[in-house]
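Student: Submitted below is the structure of interest, expressed as structure tokens.
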Amino acid sequence: MSDDSRPSPPATPAAARTAAVIPAAGRGVRLGPGAPKALRALGGTPMLIHAVRAMAASRAVSLVVVVAPPDGAAEVKSLLDAHALPERTDFLVVPGGQTRQESVKLGLDALPPGYDIVLVHDAARPLVPVDTVDAVIEAVREGAPAVVPALPLADTVKQVEPAATPGEPEPVVATPERALLRAVQTPQGFDRATLVRAHETVTGEVTDDAGMVEQLGLTVVAVPGHEEAFKVTRPLDLVLAEAVLARRRLNDGF
Ligand code: C5P
13 MSDDSRPSPP ATPAAARTAA VIPAAGRGVR LGPGAPKALR ALGGTPMLIH AVRAMAASRA
73 VSLVVVVAPP DGAAEVKSLL DAHALPERTD FLVVPGGQTR QESVKLGLDA LPPGYDIVLV
133 HDAARPLVPV DTVDAVIEAV REGAPAVVPA LPLADTVKQV EPAATPGEPE PVVATPERAL
193 LRAVQTPQGF DRATLVRAHE TVTGEVTDDA GMVEQLGLTV VAVPGHEEAF KVTRPLDLVL
253 AEAVLARRRL NDGF
């Protein structure tokens with residue numbers, strides 16, 4: 013059963029100082045042709061609105077910065093205006109960049125002073141439960157400079173020598189011990205100064221923000237993730253997301 017409807021714990025004074033940055037500027041080509049991924053509907057509501065609500069569901073989050081497709085900031089602003097969002101949370105929309113990393117940096121640049129904890133949450137993970145959001149914030153409050161929600165892997169993972177042509181057989185070069193591996197989700201939580209420093213100093217392609225903090229030589233900690241925090245990447249993920257929403261509606265009905 014989904015636990016997303018439970019209220020998050022009451023905010024401490026420090027709680028008011030948490031902001032969430034939502035990179036939503038990707039095209040989502042793996043999902044097939046159509047609107048930018050974040051604007052596709054799930055249960056009749058754009059995926060981005062679900063993601064914004066998931067962050068705002070935490071009483072600790074008082075600002076959500078949405079990083080929109082570069083040419084879509086006005087459209088995203090009107091979307092946010094058109095959907096009911098908690099009154100206690102402020103919203104900002106900024107245009108994004110060419111890469112996820114660039115988009116997150118643009119979101120961070122737009123953060124007003126006074127927010128000491130920053131969450132970075134993919135618009136493509138619309139269904140993350142509030143308990144997961146709160147667990148990440150709590151671990152940052154307890155002193156971790158960077159926190160990731162993570163799950164053990166169901167599949168064994170192989171490292172390969174990638175083939176020049178997709179679909180060609182690829183030599184396997186290693187099998188990392190599965191018990192030591194985790195699949196990492198968002199929101200990832202950060203001490204703001206640490207994340208800003210990471211984005212200012214780390215160059216090169218990274219696939220998550222915590223990886224940049226690792227490159228600073230700091231310890232990143234993992235807290236339990238949630239199966240409903242999966243990333244909507246391929247068409248089948250949309251089917252799963254609709255099923256999760258349908259189950260929540262059913263459970264909410266009782
Ligand atoms: O492409 P991927 O699924 O890894 O994207 C993760 C998140 O980063 C998505 O929410 C997407 O909208 C966002 N993104 C972005 N700017 C880009 C590329 C991706 O905000 N240029």
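Residue numbers (the numbering used here): 13 to 266. Every residue gets a Cβ at the ideal spot worked out from N, C-alpha and C, and that includes glycine.
1. Look at Ser-115 and Pro-35 and say whether their C-beta atoms are less than 8 Å apart.
2. Beta-carbon within less than 7 Å of Arg-81's beta-carbon, same chain only, minus the 5 sequence neighbours each way: which residues are those?
3. Is any non-hydrogen atom of ligand 1 found closer than 7 Å to the C-beta of Asp-134, if you look at the structure I gave you?
4. Determine, using beta-carbon pairs with one atom in the stretch 229-237 and one in the stretch 170-181, whether at least three such pairs fall under 8 Å.
5. Whole angstroms are fine: how far does the CA of Val-78 sit from the CA of Val-106?
6. For ligand 1, I want to know if Gly-44 counts as a neighbour, meaning its beta carbon is within less than 7 Å of at least one of the ligand's heavy atoms.
7. Between Val-225 and Thr-206, which are expected to be in contact by the criterion C-beta below 8 Å, what is the C-beta distance as a whole number of angstroms?
8. Go through its chain and collect everything with a Cβ distance to Gln-227's Cβ below 6 Å, but skip five positions before and after it.
9. Do Gln-200 and Val-132 have their C-beta atoms within less than 8 Å of each other?
10. Is it buried or exposed, Arg-246, if we count other Cβ atoms within 10 angstroms and call 16 or more buried?
11. State buried or exposed for Ser-70, treating a residue as buried only when at least 16 other CB atoms are found within 10 Å of its CB.
12. Could you round the C-beta distance between Leu-165 and Arg-190 to whole angstroms and report it? I think they count as a contact, below 8 Å.
13. Starting from Ala-94 and walking both ways along the alpha helix (DSSP H), at which residues does that stretch end?
14. At what residues does the beta strand (DSSP E) containing Leu-104 begin and finish?
15. Mind checking Val-88: buried by the 16 CB within 10 Å criterion, or exposed?
16. Is the stretch 138-157 in contact with the stretch 59-70, if contact means three or more CB pairs nearer than 8 Å?
17. Tell me the DSSP bridge mates of Leu-163?
18. Cβ of Gly-38 within 7 Å of any heavy atom in ligand 1?
19. Does DSSP classify Asp-203 as helix, strand or coil?
20. Please state if the CB of Ala-136 and the CB of Leu-163 are separated by a distance shorter than 8 Å.
21. Considering just the uninterrupted stretch of the alpha helix (DSSP H) at Pro-247, what are its terminal residues?
22. Nearest-angstrom Cα distance between Phe-103 and Leu-75?
23. Report yes if the CB atom of Val-130 is closer than 8 Å to the CB atom of Val-33, and no otherwise.
24. Could you give the DSSP three-state label for Leu-97: helix, strand or coil?
25. If I measure Cβ to Cβ from Asp-128 and keep anything under 6 Å in the same chain, skipping five residues before and after, which residues do I get?
26. According to DSSP, what are the bridge partners of Thr-219?
Tutor: On the basis of the coordinates in this document:
1. Reading the sequence shown from its first residue, position 103 is the one you call residue 115. Reading the sequence shown from its first residue, position 23 is the one you call residue 35. The answer is yes: Cβ separation under 8 Å.
2. Walking along the sequence shown from the start, residue 81 turns up at place 69. It is worth fixing the name first, because residue 81 is Pro in this sequence and not Arg. If we look at Pro-81 and ignore the five residues flanking it on each side, its Cβ neighbours are Ala-37, Pro-48 and Gly-108.
3. Here residue 134 corresponds to residue number 122 of the sequence shown, with the count starting at 1. At least one heavy atom of ligand 1 is found less than 7 Å from the C-beta of Asp-134.
4. These segments do not touch.
5. As a position in the sequence shown, residue 106 is number 94, starting the count at 1. As a position in the sequence shown, residue 78 is number 66, starting the count at 1. Approximately 6 Å, taken between the alpha carbons.
6. By one-based count along the sequence shown, residue 44 stands at place 32. Not a single heavy atom of ligand 1 lies less than 7 Å from the C-beta of Gly-44.
7. Along the sequence shown, one-based indexing puts residue 225 at 213. Along the sequence shown, one-based indexing puts residue 206 at 194. For Val-225 against Thr-206, the beta-carbon gap comes to about 6 Å, under 8 Å, which counts as contact.
8. As a first step, residue 227 is located in the sequence shown; it is residue number 215 there, counting from the start. Listed in chain order, the non-local C-beta contacts of Gln-227 below 6 Å within the same chain comprise Val-214, local neighbours out to five positions each way being set aside.
9. For this step, residue 200 is matched to residue 188 along the sequence shown. For this step, residue 132 is matched to residue 120 along the sequence shown. Against a cut-off of 8 Å, the Cβ pair of Val-132 and Gln-200 comes out as a contact.
10. Mapped onto the sequence shown, residue 246 falls at position 234. Looking at its Cβ environment, which holds fewer than 16 other Cβ atoms inside 10 Å, Arg-246 is exposed.
11. As a working note, residue 70 is residue 58 in the sequence shown. Buried, because 16 or more other Cβ atoms sit within 10 Å of the Cβ of Ser-70.
12. In the sequence shown, counting from the first residue as 1, residue 165 sits at position 153. In the sequence shown, counting from the first residue as 1, residue 190 sits at position 178. The pair is a contact, with the Cβ atoms about 6 Å apart (cut-off 8 Å).
13. Position 82 of the sequence shown holds residue 94. Per DSSP, Ala-94 belongs to the alpha helix (DSSP H) from 85-94.
14. Here residue 104 refers to the residue found at position 92 when the sequence shown is read from its first residue. Counting along the chain, the unbroken beta strand (DSSP E) around Leu-104 starts and ends at 102-107.
15. What you label residue 88 is simply residue 76 of the sequence shown in a count that begins at 1. With 16 or more other Cβ atoms within 10 Å, it is buried.
16. The stretch 138-157 is in contact with the stretch 59-70.
17. The count along the sequence shown starts at 1 and reaches residue 163 at position 151. For Leu-163, which the question treats as bridged, DSSP gives the partners Ala-195.
18. Here residue 38 corresponds to residue number 26 of the sequence shown, with the count starting at 1. For ligand 1, at least one heavy atom lies less than 7 Å from the Cβ of Gly-38.
19. Within the sequence shown, residue 203 is the residue found at index 191, counting from 1. Strand at Asp-203.
20. Here the question's residue 163 lines up with position 151 in the sequence shown. Here the question's residue 136 lines up with position 124 in the sequence shown. Between Leu-163 and Ala-136, the gap from beta carbon to beta carbon reaches 8 Å or more.
21. Here residue 247 is taken as the residue at index 235 of the sequence shown, counted from 1. Start and end: 247-264.
22. The residue given as residue 103 occupies position 91 in the sequence shown. The residue given as residue 75 occupies position 63 in the sequence shown. For Phe-103 and Leu-75, the distance between alpha carbons rounds to 6 Å.
23. Sequence index remark: in the sequence shown, residue 130 carries index 118 (1-based). Sequence index remark: in the sequence shown, residue 33 carries index 21 (1-based). Yes.
24. Working through the sequence shown from its first residue, we reach residue 97 at position 85. Secondary structure at Leu-97: coil, using DSSP grouped into helix, strand and coil.
25. Along the sequence shown, one-based indexing puts residue 128 at 116. Closer than 6 Å at Cβ, skipping near neighbours: Arg-29 and Arg-204.
26. Looking up residue 219 in the sequence shown gives position 207. Per DSSP, none; premise fails for Thr-219.
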